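Heads up, the thing below is written out as structure tokens.
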Amino acid sequence: MFGMLETYKNAFKVPELRMKLIFTFIIIVLYRLGAAVPVPYIDSARMQELFASQGDTIFGYLNILSGDAFSKATLFALSISPYITSSIVMQLLTIAIPYLENLQKEEEGKKKITQITRYITVVLGLITGYGYYVTCRNYGLVKDTGLFAGIVIVACYSAGSALIMWLGEKINENGIGNGISMILFANIVSRIPSAAASQVYGIYNDIVNKTATASSVIFDALRLTVILAVAIVIVAFVVFMSNAERRFPIQYAKRQVGRKMYGGQNTYLPLKVNMSGVMPIIFASSMVSIPITVIRLIDSNPTGFLKTLGDILGTRSPVYILLEFAMIIAFSYFYIAISFNPIQVSNQLKENGGFIPGIRPGKPTAEYITKTLNKVVFIGGLFLGLIAVFPLIINAVASTINNAWGLGAIAFGGTSLLIVVGVALETTKELESHLDLRNFNTRSNRSKGLW
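Just so we're aligned, residue 3 is where the sequence shown starts under my numbering, counting upward by one.
And the structure:
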């Protein structure tokens with residue numbers, strides 16, 4: 003933690019990095035301002051009341067990613083979902099279509115793929131915005147159901163998603179870190195003050211109204227302390243696993259070109275334990291939340307069979323927890339399968355004269371990497387699964403205790419924690435690389451007598 007703060011302190015002393023940090027901060031502030039701009043014809047007050055009962059559906063999940071903008075029906079309600087979806091679609095198409103795969107290998111081709119991704123984002127923004135409008139209309143949240151009002155609402159949401167994409171790209175060009183990741187980071191962090199304040203205010207309100215006993219106040223304070231301690235331990239575990247990697251030793255054969263000898267050095271090929279990031283959790287959470295979302299859309303207060311089915315598939319049921327855990331591991335393998343090609347890595351090593359000691363170049367190297375990769379992905383999937391389902395288990399246990407002893411529910415999101423820690427680590431590493439490069443250039447110029 004102190005090392006991270008020292009990195010930001012040193013970066014702020016460098017004029018170039020200081021401007022990048024300030025630019026990133028300004029873009030995030032502009033985004034948060036846009037997330038507070040209301041869309042006309044939507045009853046945002048009733049919308050927030052509705053979302054109070056939709057926390058276990060896909061709507062509640064989207065609300066977390068949007069920093070409460072989704073539940074408040076503001077301009078940025080769709081958040082970065084259309085852009086992430088379009089990026090995933092293009093990634094899959096790049097693998098399936100040879101033309102796009104060839105474009106990906108060229109610099110100009112990458113620009114074309116980026117442009118296509120933007121067009122897909124706009125189309126998905128229109129489709130998602132229309133779906134959002136229809137859902138609001140079905141729940142009676144639209145004040146004016148006329149054609150003009152519908153066009154304005156859909157246009158606002160689709161324009162908001164396109165503007166978010168533009169803001170993210172501006173951070174990529176002139177700021178620090180990945181733009182979309184920084185926006186996600188801002189959305190999640192923006193929810194922390196209100197969540198902490200609600201916990202403290204609940205205890206304060208009980209004391210002021212004299213409804214709390216001394217034992218209950220002590221217990222609430224102890225509960226908050228335990229939550230904070232558990233959160234710190236989990237953050238430390240996430241940091242450790244996020245930095246963990248499996249290293250393949252690589253040795254390059256010596257070769258002589260003219261009078262110079264090249265190669266012969268030893269290095270390594272790193273495979274991060276958590277190569278897929280939070281994408282498996284996002285996929286799995288979205289898929290598992292679909293049934294309960296459909297049930298809530300059919301009937302907001304289900305009874306009979308729908309209520310029984312909703313209880314079985316609810317976030318506090320063992321079925322939901324086991325399904326999400328299994329799907330996270332499955333999606334971890336799927337995401338790696340479309341983003342990492344052991345055969346391509348093996349061919350690149352062979353072309354550059356590199357090999358893994360004890361493993362023959364070519365097909366044996368690809369098989370060895372694949373076998374080791376499967377083990378690494380499994381460990382990474384277990385890590386993601388544990389981080390994702392642990393809060394669900396705590397929630398389920400706290401709900402049972404709440405019914406018996408009147409305790410409040412304990413909740414903190416594993417996905418949110420992964421995003422926050424991951425973005426903080428990646429941004430810090432980028433700043434450190436900038437500082438190292440600057441220090442290297444300074445030493446090089448001084449050694450040459452330029453300074």
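Each residue gets a CB set at the ideal place from its N, CA and C atoms; glycine is no exception. Source: prediction; values computed, not measured.
Going by CA-CA distance only, name the one from the options that's closest to residue i.
i: residue 367; options: 252, 36 and 318; result: 252
i: residue 161; options: 225, 130 and 174; result: 130
i: residue 45; options: 231, 126 and 74; result: 74
i: residue 79; options: 133, 106 and 320; result: 133
i: residue 419; options: 244, 92 and 223; result: 244
i: residue 376; options: 345, 359, 338 and 354; result: 338
i: residue 142; options: 70, 47 and 165; result: 47
i: residue 317; options: 399, 369, 239 and 125; result: 399
i: residue 169; options: 382, 36, 331 and 309; result: 36
i: residue 270; options: 235, 250, 285 and 163; result: 250
i: residue 140; options: 104, 128, 172 and 52; result: 52
i: residue 196; options: 383, 66 and 332; result: 66
i: residue 336; options: 286, 365, 358 and 290; result: 286
i: residue 320; options: 358, 393, 381 and 346; result: 393
i: residue 174; options: 92, 30 and 15; result: 30
i: residue 369; options: 383, 346 and 64; result: 346
i: residue 379; options: 395, 331 and 365; result: 331
i: residue 157; options: 135, 171 and 172; result: 135
i: residue 225; options: 50, 11, 281 and 396; result: 396
i: residue 93; options: 290, 281, 172 and 313; result: 281
i: residue 117; options: 171, 290, 187 and 268; result: 171
i: residue 354; options: 438, 267, 382 and 383; result: 267
i: residue 194; options: 230, 12 and 14; result: 230
i: residue 121; options: 227, 91, 100 and 108; result: 91
i: residue 239; options: 187, 382 and 438; result: 382
If contacts are defined as beta-carbon pairs under 8 Å, then residue i and residue j qualify, I think. What distance do you get, rounded to the angstrom?
i: residue 482; j: residue 341; result: Absent from the structure is residue 482, since the part of the chain shown begins at 3 and ends at 453.
i: residue 425; j: residue 323; result: 26 Å between Cβ atoms; not a contact.
i: residue 9; j: residue 433; result: 5 Å
i: residue 334; j: residue 288; result: That belief does not hold up - the Cβ atoms of residue 334 and residue 288 are roughly 15 Å apart, past 8 Å.
i: residue 440; j: residue 125; result: With 8 Å as the limit, residue 440 and residue 125 do not qualify as a contact, their Cβ atoms being about 42 Å apart.
Is the beta carbon of residue j closer than 8 Å to that of residue i?
i: residue 422; j: residue 191; result: yes
i: residue 185; j: residue 41; result: no
i: residue 147; j: residue 85; result: no
i: residue 88; j: residue 137; result: no
i: residue 69; j: residue 189; result: yes
i: residue 360; j: residue 254; result: no
i: residue 237; j: residue 427; result: no
i: residue 417; j: residue 283; result: yes
i: residue 454; j: residue 220; result: Since the first residue shown for the chain is 3 and the last is 453, residue 454 is missing from the structure and cannot be characterised.
i: residue 177; j: residue 22; result: yes
i: residue 311; j: residue 292; result: no
i: residue 308; j: residue 294; result: no
i: residue 7; j: residue 436; result: no
i: residue 127; j: residue 164; result: yes
i: residue 43; j: residue 144; result: yes
i: residue 352; j: residue 344; result: no
i: residue 95; j: residue 102; result: yes
In this structure, what does DSSP give as the bridge partners for residue i?
i: residue 253; result: 268 and 357
i: residue 274; result: 247
i: residue 40; result: 76
i: residue 144; result: 44
Quick one: does residue i have its CB under 8 Å from some CB of chain B?
i: residue 111; result: Of the protein chains in this structure there is only one, and it is not chain B.
For residue i, verify whether its CB is less than 7 Å away from any heavy atom of the ligand PLP.
i: residue 180; result: This structure simply doesn't include the ligand PLP, nor any ligand for that matter.
- Task: State whether the region 15–32 contacts the region 171–189, with contact taken as three or more CB pairs (one from each stretch) at a distance under 8 Å.
- Result: yes
- Query: If we count Cβ pairs, one from each stretch, closer than 8 Å, do we get three or more for the region 373–388 versus the region 324–332?
  - Reply: yes
- Message: For the region 268–278 against the region 232–249, do three or more pairs of beta-carbon atoms, one drawn from each stretch, fall closer than 8 Å, so that the two count as touching?
- Response: yes
- Task: Please determine if the region 110–120 and the region 135–153 are in contact, where contact requires at least 3 C-beta pairs separated by less than 8 Å.
- Result: no
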